[in-house]
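This note's numbering applies: residue -12 is where the sequence shown begins, and numbers increase by one. Ideal placement from N, C-alpha and C gives every residue a C-beta, glycine not left out. See structure below.
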Amino acid sequence: MKKRIKITIGRAIVLAILPLLTLGQGQPMDKVQKAYSEYASQTLQEKIFVHLDRPLYVVGETMWFKVYCVEGTSHRALDVSKVAYLEVLDKESNPVVQTKLALTNGQGAGNLLLPATLASGTYTVRSYTNWMKNFSPDYYFESTVTILNPFVRPEDQPVANQQTPAYDVQFFPEGGQLVSGLTSKVAFRAIGGDGKGIEFKGTLVNGQNDTLLRFQPQRFGLGSFMFTPADEGEYRAIIQDEAGKTATYPLPKPQKHGYVMQVEESGEQKLKITVLARQESTALVGVFLLAHTRLGSAYTERGTLQNGKAVFLVDKSTLGEGITHLTIFDQATRPVAERLYFQRPAQPLEISGVPDKRGYTTREKVHLDLMDLAAGTEPATLSASVYLLDSLPHPEPATIDSYLLLTSDLKGTVESPAYYFERPNTETDEALDFVMLTHGWNRFRWEEMVAAPKPTYKHLSEMGGHFIRGKVLNTMTGQPASNISVFMAAPSPQAKLFLAQSDSLGSVRFEVKKLHDNQDIIVQTSRQDSIYRVEISSPYSDQISARRWPPYAVGRENPVQLLTRSINMQTLNAFTSRPQVPSVAIGVDSLAFFGKPDEKYFLDAFTRFPTMEEVMREYVPGVFLRRQQGRFQFRVVDNITSQGIFRDGPLILLDGVPVFDTDKIMAFDPLKVKKLEVVDGLYYLGHRSFSGIVSYTTYKGDLAGFELDPRVLVLSYQFAQSKKEFYAPRYDATNRTSRLPDFRNLLHWSPTLIPDAQGKTSLDFYTSDQAGTYRVVVQGLTPNGQAGSTQFTFEVKPGVRQ
């Protein structure tokens, strides 16, 4: 009898824990873990941060910026993409200014002149790489700036309805849902029409209008309360703002069955995660915790729901720095609860800055000592700006540490993200957790990640140079044409020629290197493909993020300050040389694309003949000229293999532009040609080979009036910016009394500062004629991915000019 009872009890235990044994074997969850690992290993994530020189501009001023491109998980500088795109978007998300800049070791710098056609308002500065266009535009870097136009009256903004407050109030149960009978922390976010959090008093009521609890935000309209909903109840929150006006908002409807989670600190090194469940069955059920920081390695743990409750104790040292996703899966590998958790860096990059004096006079030298205090690492790369503070309204500038660790991994906007990093304490930690509860966001959906095949990407990383994309169309049918050779040239004294072949969709792609700033490009097919035309596509992203920034507040400008700023801008542009004087572009080649030619002739060294036929016959023995059926033909001597003369004609170039009609080059005035080069061997370019090259170069490399075929596409194209130096005057004993006015409000801009081995560096610059308070902003990134920033101010008082 006892033996039979033992057997029965044993069978019951086996039946009860059978699901857990299956879960313990890991087969279902192994699929999730494997899918996550494959996704993380195959999905390179790039992040971009842009350090802008200041948050407020007047049209006619120059915006200077520094771009940091990092790997999305470790935040180390990423030397993959060699080109970054930067745009300024208006309130309708239309680009008003666009540019490209070259990246070297994950960093680049440039500037933009803000045109006088811009209306006053809030503008979005966004930046991305070609690879980032494979993902949602919500991953692009975005920040706001204020641009003021004193010459144009700003457009009036619509006035909100004064009867009903224009607030956006949302409620976020911890874990994702409310479940009847289970206690949850409910976070809330209340935002006004200006995009900023509001102060209010709230009351939670049920369907019978009974008051259940009262609540109010802690900061920035964020806060939370604990709440246990009843079965099938409906709940509303009544919000009363500081003006006494009220509005009602519904809470998410409680579910009859489901999961909730509670996350709390358990000592200094532990994180306690409690999972509560309400289900139809009371049997033991397995659950699974998966935690990952960005796309780093995942922490996993299995647990068992006993009486509807499971507890996980996680060592925080197993989690990464920044935002961690905590996801609970049921034993069918379905995600049932999720929230975010933020862990501060153990050793953040600290940057200190000390001016040599407390105050300065106008046109006085300023010396700043900077130091990065990163422990046990190489010195950081820093960027620094110094600008005048005034009373004109402007957004809070973004900082690199708050962006990389916080806002870049969140959906929507975060008000004053730097607040959470300036003075870490219990209050800011609690406020930061409210951000985690109200900004949940996954870069992927678990269901899609597990079920989907390996990801494919349309946009390639620009690892060698900028991609120019286009499409070949048949002019007769308008349809895309495949297997068509397309030549692209940028006329210059050093021939630059690129060749591509259209694919099955008619698309072509040129990888362009060592071209900078605005240049004309000439795109054409070969002569036998004259029924085709080529269209060049814009390299900029046409996707718009879901992020919405606060509108511009009309009428908040101080008219005296705005007038002063405008006069200073005009005076600066009139009396000083342009700060964006380009230096020599990095990587410019002194050779043509075909390298060193086999023959080179500078025609001025010879007797100049009036016709090109005489030049070719008298001076160029490596090229045979003949007439066939009334048309000229070139044949190049094959001096490489000594096989005699090539049977096919060579590639003929004028300033790097292919000329497929030999008669046209023969009719060209030879007095416009400076030099003639010949490649007398078989030359391979892309997918094609050519029986030698004959290249003509004019004196200015601008085709010298040569008439192109009307089917040729000619357009001005903007390549990556060449390096430009920020200009600022230096006042020594000889020019401090100069009568030229100096109304600079941007005193200094350094996109790249490299501290010494002890982490020390310094800045030297001179104040202008404008007295006031100046802000110094320094951003930095170490080689191992530590980010940091600092801000401080100094005063400039009016001086007596001698």
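In the DSSP assignment, His503 forms a beta bridge with Ala707. Annotation for Leu39: the continuous beta strand (DSSP E) segment containing it runs 33 to 39. Looking at Glu498, Val763, Ser378, Thr512, the one whose alpha-carbon comes closest to that of Ser469 is Thr512. Relative to the Cα of Phe655, the nearest Cα in the group Pro637, Leu695, Arg622, Gly668 belongs to Leu695. Comparing alpha carbon positions, the residue from Leu39, Arg520, Thr394 closest to Asn461 is Arg520.
Assignment of alpha helix (DSSP H) within the stretch 323 to 397, counting only whole runs of 4 or more residues, yields 387 to 392 in chain order. Taking C-alpha positions only, Gly245 is separated from Glu25 by approximately 30 angstroms. Spatial neighbours of Pro480 in its own chain (CB-CB distance under 7 angstroms, excluding positions within 5 residues in sequence) are listed in chain order as Thr684, Gly688. Residue Ile508 holds the alpha-carbon nearest to the alpha-carbon of Arg456 among Phe316, Ile508, Ser167. Runs of the beta strand (DSSP E) lying entirely within the stretch 97 to 143 and spanning at least 3 residues, in chain order: 108 to 115, 128 to 135.
Rounded to the nearest angstrom, the Cβ distance from Leu369 to Val765 is 6 angstroms, consistent with a contact under 8 angstroms. Residue pairing by DSSP places His735 opposite Val373 in a beta bridge. When only Cα atoms are considered, Ala230 and Phe202 end up about 17 angstroms apart.
Per DSSP, Val547 is one residue of the alpha helix (DSSP H) stretching across 546 to 562. For Val602, the uninterrupted alpha helix (DSSP H) segment begins and ends at 599 to 606. Residue environment: Gly493 is assigned as buried (16 or more neighbouring CB atoms within 10 Å of its CB, all protein chains considered). His453 is bridged by DSSP to Val499.
DSSP places Trp51 within a strand segment (E or B) once states are collapsed to three. Put simply, the backbone Cα of Asn732 is about 13 angstroms away from that of Gly47.
By the neighbour-count criterion, in which 16 or more other beta carbons inside 10 Å mark a residue as buried, Phe497 falls on the buried side.
Where Thr760 is concerned, the enclosing beta strand (DSSP E) starts and stops at 759 to 768.
Arg176 counts as buried, since at least 16 other C-beta atoms from the protein chains shown sit within 10 angstroms of its C-beta.
Annotation for Glu365: Thr769, Pro770, Asn771 place their beta carbon closer than 8 angstroms to its own, counting only its chain and skipping 5 residues before and after. Each residue's CA atom was taken as its position, placing Phe52 and Asp317 some 47 angstroms apart. Within the stretch 272 to 323, the runs of beta strand (DSSP E) that reach at least 3 residues and sit entirely inside it are, in chain order, 272 to 280, 285 to 292, 296 to 302, 309 to 317. Rounded to the nearest whole angstrom, the CA to CA distance from Asp420 to Phe329 is 7 angstroms.
When the five nearest sequence neighbours on each side are left out, the beta carbons in the same chain lying within less than 8 angstroms of the beta carbon of Gly220 are those of Ser167, Asn193, Gly194, Pro241, in order along the chain. Judged by beta-carbon spacing, Tyr127 lies within the 7 angstroms limit of Tyr115, meaning their Cβ atoms are closer than that value. An exposed status is given to Tyr686, since fewer than 16 other beta-carbon atoms sit within 10 Å of its beta-carbon. Here Lys34 is near Ser395, since their CB atoms are less than 7 angstroms apart.
Among the bridge pairs identified by DSSP, Phe677 is matched with Tyr670. The beta-carbon separation of Gly775 and Ile338, rounded to 5 angstroms, stays under the 8 angstroms limit for a contact.
Assignment of Phe212 by DSSP, reduced to helix, strand and coil, places it in the strand class. Per DSSP, reduced to three states, the secondary structure at Leu727 is coil, with no helix or strand assignment. Boundaries of the alpha helix (DSSP H) around Lys651: 649 to 653.
When the five nearest sequence neighbours on each side are left out, the beta carbons in the same chain lying within less than 6 angstroms of the beta carbon of Tyr407 are those of Thr415, Leu419, in order along the chain.
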